[in-house]
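For the sequence shown, the positions run 0 to 402 when numbering that gives the first Met the number 0 is used.
Notes to accompany the following structure.
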Amino acid sequence: MKHRIVILGAGYAGASAAGRLARRLHPDDVELTLVNAEPDFVERVRLHQLAAGQDLKARPLADMFAGTGVTLRVARVTGVDVDRRTVALAGADGAPGADGPAELAYDTLVYALGSSADDHQVPGVAEHAHELAGRGGALRLRDRLAALGPGGRVVVVGGGLTGIEAVTEIAETRPDLDVALAVRGDLGAWLSDAGRRHLRGVLDRLGVTVHEHTDVARVTATAVETAAGGTVPADAAVWTTGFAAHPIAAATALELTDRGRIAVDATMRSVSHPDVYAVGDAAQADGPLGNPLRMSCASGIPMAWLAADNVAARLTGGRVPHTPLGYVHQCISLGRGDAIIQFVTSDDQARAAAPGGRLAARYKEMVCAGAYWTVAHPIQYPVRRRRLTAASGEVPAGSAVGA
Ligand SMILES: Cc1cc2nc3c(=O)[nH]c(=O)nc-3n(C[C@H](O)[C@H](O)[C@H](O)COP(=O)(O)OP(=O)(O)OC[C@H]3O[C@@H](n4cnc5c(N)ncnc54)[C@H](O)[C@@H]3O)c2cc1C
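Below is the structure:
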């Protein structure tokens, strides 16, 4: 019987893991199944562009994985039983198993279901605020912005990377709107002096009102209310204060961190269940100095490569790699014509250099396009389709090393 590897989630991390596994393992020995709720690959790093009214290219997963040996299953994961080693699925219309069996069994699981917007349980956010952590939310925000006339008031809450990218994209696309940004501390506090200066200059140029040291305590249909008792009028509030792991992992016996992410070791393997690997936003791995890697495709894609190489090494009796993961830069778009490339240490602390402007915007665009290209074209991985070994518990007939 073939070794069944099931990959949950075809975002940056899951799709990268699936593509790499297909290049590392022999198709006679393994069955690779990739499960995703949507038939398309969603470029999450461009969802602020979608929300602002730009159209994104359709990226059908069926095309991306045609001829790779990976079986694509478009279905929603509703649960994982890590003791029985099964995954429960519902079809796209929510009916159990509408487009195939309602349960998938695995020998090895790669969990990559990503994250969603974190409302931090602030009152009114779920009812009144928009988010753009997923395609559905970005499309709803797009509709809301389109319905606003000149002078419509938009308040983006959250001064992190997503908030900055969202507020600049909206202000640039819709100069007729009254756009504000509410941040808890100093604007761009984690950036270098050069990065902060550039950011402030761009927000000034785009006419964005910045409310610093503003803790939002409630969102209503017409405003955001601050902990200090202030009110900022909002026809549309956009909530970008971070991402939270999906609750599916929390309903399993997997060991989680206090943030609900799956705790993994340096090989991306669950610390509680050795037949489960977790990558991307769903997992918490440590950076070079022991700090958790932040949710990003900058770390999610390398996590996926590492997990795939470890799965392959363990199944084929190869050397188990322990490549340290770290950062080089943060590429922050500021609309279509501007950006900041904030260079960072491997543990994500700002260095002095933070070039900004048109060239930086081009570079950022290359990074986004390159991230998609890397996921969609695993051809950069050398083909080493090794045969499984006896130690893996799956003994193939024939040779020790395949084509
Ligand atoms: C607006 C925006 C801008 C960003 N910009 C950057 C950036 O510039 N640089 C950067 O590094 N990061 C950026 N990020 C963060 C980055 O997009 C995420 O960290 C990255 O997408 C995580 O990859 P992932 O594969 O873990 O999750 P995802 O890309 O979210 O993939 C998860 C996949 O799982 C699927 N899924 C979820 N639940 C289920 C289910 N129950 N059943 C079946 N399938 C399911 C989803 O459909 C999706 O395909 C940005 C995010 C946003 C929202």
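Every residue gets a Cβ at the ideal spot worked out from N, C-alpha and C, and that includes glycine.
- Taken in chain order, the unbroken stretches of beta strand (DSSP E) that lie wholly in the segment 114-189 and span 3 residues or more are 114-116, 152-156, 177-181.
- About 13 Å separates the CB atoms of V153 and V218; that is not less than 8 Å, and the two are not in contact.
- Selection G10, L24, H212, A17 evaluated against P38 yields G10 as nearest (Cα-Cα).
- For the segment 212-272, the continuous beta strand (DSSP E) assignments of 3+ residues that do not extend past its boundaries occur at 215-218, 222-225, 230-232, 235-238, 242-244, in sequence order.
- Taken atom to atom, the span from the alpha-carbon of A277 to that of G150 is near 45 Å.
- Annotated three-state conformation of P287 is coil, per DSSP.
- In the assembly as shown, V327 is an exposed residue. Its beta-carbon has fewer than 16 other beta-carbons within 10 Å.
- Under the three-state reduction of DSSP, D280 is assigned to helix.
- For ligand 1, a non-hydrogen atom lies closer than 7 Å to the CB of S114.
- With a cut-off of 7 Å, the C-beta of M63 is classified as distant from ligand 1, since no heavy atom of the ligand falls inside that distance.
- Taking the Cα positions, T70 is about 5 Å away from T32.
- Along the segment 309-333, the beta strand (DSSP E) occurs as fully enclosed runs of 3 or more residues at 328-332, listed in sequence order.
- Cβ contact annotation for G136 (same chain, cutoff 7 Å, sequence separation greater than five): A116, H129, E130, in chain order.
- Each residue's CA atom was taken as its position, placing K363 and G158 some 19 Å apart.
- Per the C-alpha coordinates, the member of I247, F40, V166, V29 positioned closest to A181 is V166.
- Of the heavy atoms belonging to ligand 1, none sits nearer than 7 Å to the Cβ of Y105.
- For G13, the enclosing alpha helix (DSSP H) begins and ends at 11-23.
- Just measuring C-alpha positions, the residue of R268, A265, D264, A244 sitting nearest D257 is A244.
- Partner residues in a beta bridge of I300, as assigned by DSSP, do not exist.
- Note on T221: under 16 other CB atoms within 10 angstroms of its CB, so exposed under the neighbour-count rule.
- Judged by DSSP in its simplified three-state form, Q53 adopts coil rather than helix or strand.
- Taking the Cα of V73 as reference, the smallest distance to any Cα among V34, G228, D28 is reached at V34.
- Ranked by how close their Cα comes to the Cα of H2, the residues P377, T315, A14, A303 have T315 in first place.
- Taking the Cβ of V86 as the reference point, every heavy atom of ligand 1 lies at 7 Å or farther away.
- In this structure, the alpha-carbon of V121 lies about 11 Å from that of A226.
- In this structure, DSSP gives E30 an extended state, which the three-state scheme calls strand.
- Here H2 carries a strand assignment [DSSP, helix/strand/coil].
- Secondary structure of R84 (DSSP, three-state): coil.
- For H272, same chain residues with a beta-carbon under 7 Å away, outside a window of 5 residues either side, are V81, L253 in chain order.
- Bounds of any beta strand (DSSP E) do not take in Y371; it lies within the alpha helix (DSSP H) bounded by 357-375.
- Our two residues, L176 and G286, have alpha carbons roughly 40 Å apart in a direct line.
- With 16 or more other Cβ atoms inside 10 Å of its own Cβ, S332 counts as buried.
- CA-CA distance, L190 to L108, rounds to 37 Å.
- A89 carries a strand assignment under DSSP once its states are collapsed to helix, strand and coil.
- With 16 or more other CB atoms across the displayed protein chains lying within 10 angstroms of its CB, E168 is buried.
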